[in-house]
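Undergrad:
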Amino acid sequence: MTLLDQRIDDVRASALQEIGDSKDAPNLELTRVRYLARKGLIAELFEQLAVLPADGRPAYGRKLNELRQSVQAAFDTRAAALSLAPGQAAPGIDLTLPGKGKWPGSRHPLSRTLDEIRRIFQGMGFGVATGPEIEDDYHNFEALNFPPDHPARDMQDTFFLSKKVLLRTHTSPVQIRIMETSPPPVRVIIPGRVYRNEAISARSYCLFHQVEGLYVDRGVTFAELKGTLVAFAKQFYGSDLRYRFRPSFFPFTEPSAEMDITCFLCKGKGCRVCKKTGWLEILGCGMVDPNVYRFVGYDPGKYSGYAFGMGIERITMLKYGLDDIRILFENDVRFLRQFP
Amino acid sequence: MRVSRRWLQQYVDIHLSNDDLAERLTMAGLEVESIDDQAARLAGIVVGEVRSVEKHSNATKLSVCRVFDGNQEVQVVCGAPNVAPKQKVAFAPEGTTVPRNQHDPEGGSLKIGRVSLRGVESAGMICSGYEIGLSDDHEGILVLASQARPGTLVSRHFGLDDTVFEIGVTANRADLLSHIGVAREIGANTGKPLKLPRIPLVEGRKSIHTALQINVEDPVNCPRYSARIVENLRITQSPAWLRDALMSVGIRPINNVVDVTNYVLMESGQPLHAFDYGRISGHTITVRTGENRANFVTLDGKVRETNRDTLLICDGKGPLAIAGVMGGRDSEITEQTQIVVIESAYFNPPSIRRTSKRLGLSTDASQRFERGADPEITIWALDRAAQLINEVTGATVLKGRIDVYPRKIRPLKIAFEFKKSDQLLGVTIKPASVSGLFGKIGIKKIRALKNGSVAYLIPTWRPDITREVDLIEEAARLHGYEKISTVGSIRLTVADKSPLPDIRDTVCEYLSSSGCREIITNSMCDAESAAIFDPSPVLLSNPLSIEMAALRTSLLPGVLTTIKHNVFHGIESSRFYEVGNIFRRKPGSDPDSLNGYVEEEHVCLAIFGLESPIHWDDEPKKSTIFTVKGEAGALLSKISLDNPSYIPYSTPTALSERSIYIEIKGERVGCLGSISKQLRDRYQLETEVIFLDFSLDRLRAVAVAKTGFKPYSRYPLVRRDIAVIVDESIPVGRIEDAIRVVAGPMLRDIVLFDIYRGEQAGAGKKSCALSLEFVPVEGTLEQREILELMGRITEKLKSSLGALLRQ
Numbered sequence: 080m081t082l083l084d085q086r087i088d089d090v091r092a093s094a095l096q097e098i099g100d101s102k103d104a105p106n107l108e109l110t111r112v113r114y115l116a117r118k119g120l121i122a123e124l125f126e127q128l129a130v131l132p133a134d135g136r137p138a139y140g141r142k143l144n145e146l147r148q149s150v151q152a153a154f155d156t157r158a159a160a161l162s163l164a165p166g167q168a169a170p171g172i173d174l175t176l177p178g179k180g181k182w183p184g185s186r187h188p189l190s191r192t193l194d195e196i197r198r199i200f201q202g203m204g205f206g207v208a209t210g211p212e213i214e215d216d217y218h219n220f221e222a223l224n225f226p227p228d229h230p231a232r233d234m235q236d237t238f239f240l241s242k243k244v245l246l247r248t249h250t251s252p253v254q255i256r257i258m259e260t261s262p263p264p265v266r267v268i269i270p271g272r273v274y275r276n277e278a279i280s281a282r283s284y285c286l287f288h289q290v291e292g293l294y295v296d297r298g299v300t301f302a303e304l305k306g307t308l309v310a311f312a313k314q315f316y317g318s319d320l321r322y323r324f325r326p327s328f329f330p331f332t333e334p335s336a337e338m339d340i341t342c343f344l345c346k347g348k349g350c351r352v353c354k355k356t357g358w359l360e361i362l363g364c365g366m367v368d369p370n371v372y373r374f375v376g377y378d379p380g381k382y383s384g385y386a387f388g389m390g391i392e393r394i395t396m397l398k399y400g401l402d403d404i405r406i407l408f409e410n411d412v413r414f415l416r417q418f419p
Numbered sequence: 102m103r104v105s106r107r108w109l110q111q112y113v114d115i116h117l118s119n120d121d122l123a124e125r126l127t128m129a130g131l132e133v134e135s136i137d138d139q140a141a142r143l144a145g146i147v148v149g150e151v152r153s154v155e156k157h158s159n160a161t162k163l164s165v166c167r168v169f170d171g172n173q174e175v176q177v178v179c180g181a182p183n184v185a186p187k188q189k190v191a192f193a194p195e196g197t198t199v200p201r202n203q204h205d206p207e208g209g210s211l212k213i214g215r216v217s218l219r220g221v222e223s224a225g226m227i228c229s230g231y232e233i234g235l236s237d238d239h240e241g242i243l244v245l246a247s248q249a250r251p252g253t254l255v256s257r258h259f260g261l262d263d264t265v266f267e268i269g270v271t272a273n274r275a276d277l278l279s280h281i282g283v284a285r286e287i288g289a290n291t292g293k294p295l296k297l298p299r300i301p302l303v304e305g306r307k308s309i310h311t312a313l314q315i316n317v318e319d320p321v322n323c324p325r326y327s328a329r330i331v332e333n334l335r336i337t338q339s340p341a342w343l344r345d346a347l348m349s350v351g352i353r354p355i356n357n358v359v360d361v362t363n364y365v366l367m368e369s370g371q372p373l374h375a376f377d378y379g380r381i382s383g384h385t386i387t388v389r390t391g392e393n394r395a396n397f398v399t400l401d402g403k404v405r406e407t408n409r410d411t412l413l414i415c416d417g418k419g420p421l422a423i424a425g426v427m428g429g430r431d432s433e434i435t436e437q438t439q440i441v442v443i444e445s446a447y448f449n450p451p452s453i454r455r456t457s458k459r460l461g462l463s464t465d466a467s468q469r470f471e472r473g474a475d476p477e478i479t480i481w482a483l484d485r486a487a488q489l490i491n492e493v494t495g496a497t498v499l500k501g502r503i504d505v506y507p508r509k510i511r512p513l514k515i516a517f518e519f520k521k522s523d524q525l526l527g528v529t530i531k532p533a534s535v536s537g538l539f540g541k542i543g544i545k546k547i548r549a550l551k552n553g554s555v556a557y558l559i560p561t562w563r564p565d566i567t568r569e570v571d572l573i574e575e576a577a578r579l580h581g582y583e584k585i586s587t588v589g590s591i592r593l594t595v596a597d598k599s600p601l602p603d604i605r606d607t608v609c610e611y612l613s614s615s616g617c618r619e620i621i622t623n624s625m626c627d628a629e630s631a632a633i634f635d636p637s638p639v640l641l642s643n644p645l646s647i648e649m650a651a652l653r654t655s656l657l658p659g660v661l662t663t664i665k666h667n668v669f670h671g672i673e674s675s676r677f678y679e680v681g682n683i684f685r686r687k688p689g690s691d692p693d694s695l696n697g698y699v700e701e702e703h704v705c706l707a708i709f710g711l712e713s714p715i716h717w718d719d720e721p722k723k724s725t726i727f728t729v730k731g732e733a734g735a736l737l738s739k740i741s742l743d744n745p746s747y748i749p750y751s752t753p754t755a756l757s758e759r760s761i762y763i764e765i766k767g768e769r770v771g772c773l774g775s776i777s778k779q780l781r782d783r784y785q786l787e788t789e790v791i792f793l794d795f796s797l798d799r800l801r802a803v804a805v806a807k808t809g810f811k812p813y814s815r816y817p818l819v820r821r822d823i824a825v826i827v828d829e830s831i832p833v834g835r836i837e838d839a840i841r842v843v844a845g846p847m848l849r850d851i852v853l854f855d856i857y858r859g860e861q862a863g864a865g866k867k868s869c870a871l872s873l874e875f876v877p878v879e880g881t882l883e884q885r886e887i888l889e890l891m892g893r894i895t896e897k898l899k900s901s902l903g904a905l906l907r908q
């Protein structure tokens with residue numbers, strides 16, 4: 080940008096500012112003289128054209144004309160406004176007419192929740208990875224320490240495509256895929272769509288979305304898992320959050336836990352949403368089971384790590400107070416427009 | 102698992118409130134999902150006396166009753182056909198809450214207020230058995246015994262002072278599927294000892310060994326089989342205490358023998374089965390696997406097919422029961438039964454699970470066996486059942502028991518290294534404290550080992566503890582997760598360069614800020630819809646419904662369904678997009694290998710209705726294929742893919758009437774078009790719908806990472822307009838291509854600003870007005886150079902397209 084460009088911009092900015100600030104007609108007239116009169120600031124700028132190289136003149140001439148017109152227009156509008164009683168329209172043009180509209184776009188609430196979760200974990204040094212929705216039994220179950228013929232398999236009703244190929248029931252198989260291909264340390268979150276063969280109702284849908292987390296390194300502890308998840312929850316829900324970790328069971332973690340936070344609807348008093356417990360379960364987590372390391376060829380004597388997983392639908396429903404999961408997949412414009 | 106507080110109290114002293122007990126259990130990993138406090142549930146509902154009943158003057162099915170609630174007489178409108186004067190009834194006065202509302206399909210509660218029913222005031226309700234949760238009868242009101250005293254709480258009248266906790270038992274804990282198991286945890290948590298019931302068993306003189314023979318042919322799947330016999334039985338209804346105990350945990354009482362076996366099951370977790378001795382042919386029980394395709398009728402009257410993997414309990418003629426799952430109809434206990442054989446066995450968990458899964462039959466017994474019952478408890482449970490049957494029925498227990506247990510299952514010994522545990526948990530728990538905690542749940546310290554570890558003996562009721570890490574979890578659980586500090590540093594390990602922003606994020610960001618609404622739809626659809634977009638869709642083996650029998654082969658079904666839904670709700674214009682995976686099978690490939698499936702991430706945009714909202718200063722314009730083509734170009738340039746080729750494809754397909762394929766570097770990355778009438782009809786759409794579809798995976802493959810910036814010309818651009826008349830058949834794209842070839846790198850852009858057809862152009866001709874923008878690569882463009890360039894361009898247009906320059 081040349082000096083002249085800079086000067087043009089400065090003059091425009093100060094002229095518009097002063098015109099806008101003029102409280103009455105005499106004041107406005109002073110401003111007009113300063114900028115638009117024959118010896119005004121804009122006229123001065125035109126005089127500088129003469130000293131420019133010939134090939135630059137037309138372009139600057141255009142710019143200066145444009146400057147003069149815009150300042151004049153602003154002056155005219157302001158002058159008209161000052162000569163009228165407040166609330167009356169300017170003559171000739173009805174400024175109460177609506178402006179040109181644009182179709183509003185929107186982001187699905189599930190994507191918003193995921194973006195927010197992702198942002199927080201990325202800030203804590205987690206990368207992002209994804210994996211296939213069509214999985215084999217090995218990655219979805221076996222390598223995650225679900226033995227064949229074990230009741231733990233009933234925890235997740237599965238859609239099968241063939242005897243050994245299925246729709247993944249959780250994002251955890253991506254843990255296996257990552258550890259199979261990269262040596263420790265790994266520190267990733269894994270968002271994705273998962274499927275459960277469950278009847279569709281207000282509370283459950285045949286598919287939903289999860290965010291999985293995995294950190295494996297030397298000397299990772301359960302205390303660090305707790306610390307990380309508390310840091311996440313405080314950023315997501317607010318720093319005055321109350322939480323608890325209680326023992327649970329997942330075949331691929333040992334010890335396993337579920338994390339609850341105080342129900343934000345009833346503040347822990349007990350309501351319909353938290354089933355009168357005062358607590359809301361938000362995620363499952365635990366220390367990666369040594370059997371999993373054996374499947375992926377990590378040395379359980381050397382490394383330890385944690386994994387966690389949360390349902391994006393559940394968190395979104397809690398966040399916005401939705402009581403029917405199906406509304407998320409119906410995509411009614413009256414719903415979508417609430418998430419601009 | 103439902104556990105009754107009254108029942109638990111037999112095994113451990115509990116001094117906690119219901120809420121505190123639930124809290125302790127939950128924090129110990131026994132998540133209490135609900136608390137059913139019978140007295141609280143029926144709070145305020147009292148015995149009432151119906152003093153008078155008169156017909157409602159304005160409703161044939163209603164009567165107006167006067168009910169005495171112990172204090173006063175209240176007027177109540179009642180719809181039950183069986184209401185009559187002098188009845189004692191369960192009466193819910195104004196202000197109380199009836200636990201179940203029979204008009205609510207979800208069985209919600211009902212708050213009783215003062216209402217006017219067809220002009221008559223009603224200040225309370227006479228309840229049915231259903232409404233107060235005592236039976237399923239909601240045809241009429243529940244009539245109480247005539248000696249009931251008005252004003253007494255109904256809960257007290259029925260002795261309902263118990264609390265039932267519903268515990269979500271995790272899949273690894275077989276031991277918690279019993280009252281004793283839960284009591285053990287409560288004791289460990291509160292420091293109270295576990296009190297097991299004494300079994301004062303009185304045996305008769307006759308020995309079991311002369312009456313019954315047991316052969317276990319498959320000791321792998323049936324490691325232990327124990328039995329007792331009880332004779333001189335009279336099968337009747339059980340006494341009230343037994344019936345109440347079972348009902349409190351949701352089990353229907355059947356008869357005194359079956360009720361005892363169920364009671365012991367709920368008490369100890371050991372499944373028992375009672376056979377009618379008279380129906381056991383040859384008085385011999387054989388445990389063996391079945392034959393293929395044999396039929397067997399189970400207790401529930403259903404015909405089940407057994408196979409060589411099915412473990413069966415058989416007599417001399419054939420199967421009596423499917424081991425560990427369900428008994429047979431032919432040997433069940435009937436009113437005629439005089440002698441019973443009580444079975445108490447330990448079956449191999451995977452065997453029971455396979456059978457239960459294959460038959461689709463999950464029972465209280467199978468659930469416990471497949472998680473792993475306690476092989477050491479069979480005899481205890483057997484004796485307990487025999488003693489209770491003797492107590493309840495007065496029958497005689499035969500002397501001795503049969504116990505086939507060829508290879509004793511020994512409890513595991515596990516070495517525990519304290520340092521390792523502390524390292525994994527990030528907290529120090531003192532060795533003495535660990536041993537103390539373990540002792541409370543029956544894990545005994547055997548001895549200290551040389552390296553500072555300690556060997557512990559794992560009780561047989563905890564088959565889930567097989568490794569050191571399982572013990573570490575127990576240590577953490579019993580110590581309390583809340584005592585493991587979260588204070589400390591979270592390390593910031595960076596494992597790899599962050600790959601973001603991904604194309605997916607950029608695409609979503611662009612579309613959502615260009616007036617498009619992101620949607621998320623089901624990735625399952627019907628097989629027919631899937632076949633429209635790909636000849637080999639992926640089909641599900643066990644779909645939820647026909648509508649969800651296949652995986653989507655395109656995002657269009659979801660997008661079109663969304664348009665259909667919103668058009669139906671009055672939306673006339675919108676733009677929807679979805680990002681998601683589509684799937685197909687590789688024809689002829691192995692369905693059991695992942696290589697037989699293709700999964701690709703796509704984005705699909707569909708537009709219908711007006712291009713922009715109606716405005717007073719503009720003519721309303723409908724979105725056209727060019728609206729979408731413009732979006733396609735803008736989207737691609739957003740991800741720095743600036744030179745797409747648009748390849749028109751005018752032949753209509755099942756999908757679209759006209760389409761344009763989009764290629765980058767020779768790779769087809771997407772297409773756009775107008776949805777065919779045929780496809781619109783499927784979704785009952787009358788409006789034109791234009792779609793755009795990109796494979797994000799293919800865009801990622803052709804995308805180039807931005808490195809640095811390109812120097813750009815510092816000189817002003819020069820614009821020249823040109824109008825050429827060509828045959829109607831010549832596409833504008835060819836004119837543009839011809840200009841580009843001649844103009845070379847100085848040409849920055851071509852803007853088509855008008856197309857004219859009419860007299861001045863001539864019949865069968867069109868006049869195209871184009872504005873060409875030149876940017877000199879070096880130095881200012883001289884007038885002469887431009888003239889010369891324009892001359893070459895017109896020459897080329899004339900020679901290759903027969904174009905005339907319009908003056």
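Going down the list, the protein sequences come from chains S and F.
Heads up, my numbering is the position in the first sequence plus 79, with the first residue counted as 1.
Heads up, my numbering is the position in the second sequence plus 101, with the first residue counted as 1.
Idealized CB from N, CA, C, for every residue including glycine.
Does DSSP put residue 337 of chain F in a helix, in a strand, or in coil?
TA: In this structure, residue 337 of chain F counts as coil in the three-state DSSP scheme.
Undergrad: Using CA coordinates, which residue listed in S:154, S:334, S:348 is at the minimum distance from residue 569 of chain F?
TA: Ranking S:154, S:334, S:348 by Cα distance to residue 569 of chain F puts S:334 first.
Undergrad: Which residues, taken in chain order from the region 664-690 of chain F, show a beta carbon closer than 8 Å to some beta carbon of chain S?
TA: Those would be 666, 667, 670, 672, 674, 675, 676, 677, 681, 682, 684, in chain order.
Undergrad: Which partner residues does residue 399 of chain S have in the DSSP bridge list?
TA: Note: residue 399 of chain S sits in no beta bridge, so no partner.
Undergrad: Output, in sequence order along the chain, the residues in the region 714-725 of chain F whose CB is closer than 7 Å to any CB in chain S.
TA: Listed by position, the residues of the region 714-725 of chain F near chain S (Cβ gap below 7 Å) are 714, 716, 717.
Undergrad: Compute the Euclidean distance between the alpha carbons of residue 205 of chain S and residue 266 of chain F, then round it to the nearest angstrom.
TA: Going from the Cα of residue 205 of chain S to the Cα of residue 266 of chain F covers about 40 Å.
Undergrad: Name, please, each residue of chain S whose Cβ falls closer than 7 Å to the Cβ of residue 817 of chain F.
TA: Correct list: 138.
Undergrad: Indicate the three-state DSSP secondary structure (helix, strand or coil) for residue 76 of chain F in the structure shown.
TA: With chain F covering 102 to 908 only, the question about residue 76 of chain F has no answer from this structure.
Undergrad: Nearest chain S C-beta to residue 118 of chain F closer than 8 Å, yes or no?
TA: So no, residue 118 of chain F is outside the interface.
Undergrad: Enumerate, from N- to C-terminal direction, the unbroken alpha helix (DSSP H) stretches of 4 or more residues contained entirely within the region 725-771 of chain F.
TA: Taking only runs of at least 4 residues, the alpha helix (DSSP H) segments lying wholly in the region 725-771 of chain F are 726-739.
Undergrad: Does the separation of the CB atoms of residue 500 of chain F and residue 309 of chain F fall below 8 Å?
TA: Against a cut-off of 8 Å, the Cβ pair of residue 309 of chain F and residue 500 of chain F comes out as a contact.
Undergrad: Taking its Cβ as the centre, do 16 or more other Cβ atoms sit within 10 Å of residue 308 of chain S, making it buried, or is it exposed?
TA: So residue 308 of chain S counts as buried.
Undergrad: To the nearest whole angstrom, what separates the beta carbons of residue 777 of chain F and residue 726 of chain F, a pair I think is in contact under 8 Å?
TA: Contact doesn't hold; Cβ gap of about 13 Å is too wide.
Undergrad: Quick one: what's got a C-beta closer than 7 Å to residue 113 of chain F's C-beta in the same chain, skipping five residues either side?
TA: So the qualifying residues of the chain are 284, 287, 288, 293, 295, 296.
Undergrad: Return no unless some Cβ of chain S is closer than 8 Å to the Cβ of residue 797 of chain F.
TA: By this cut-off, residue 797 of chain F is not an interface position.
Undergrad: At a Cβ cut of 8 Å, what residues of the region 521-533 of chain F count as close to chain S, listed as they run along the chain?
TA: Per Cβ criterion, the list reads 524, 525, 526, 527, 528.
Undergrad: For chain A, is any of its Cβ atoms less than 8 Å away from the one on residue 507 of chain F?
TA: Considering every chain present, this structure includes no chain A. Its protein chains are S and F.
Undergrad: Does the Cβ of residue 166 of chain S have 16 or more other Cβ atoms within 10 Å, making it buried, or fewer, making it exposed?
TA: Here residue 166 of chain S scores only 48 on pLDDT, less than 50, and its place in the model is too uncertain to base an answer on.
Undergrad: Is the CB of residue 203 of chain S under 8 Å away from at least one CB in chain F?
TA: Chain F contact via Cβ: present.
Undergrad: What residues from chain S crowd round residue 693 of chain F, counting only those whose CB sits closer than 7 Å?
TA: Going along chain S in sequence order, the residues near residue 693 of chain F (Cβ under 7 Å) are 241, 242, 243, 244.
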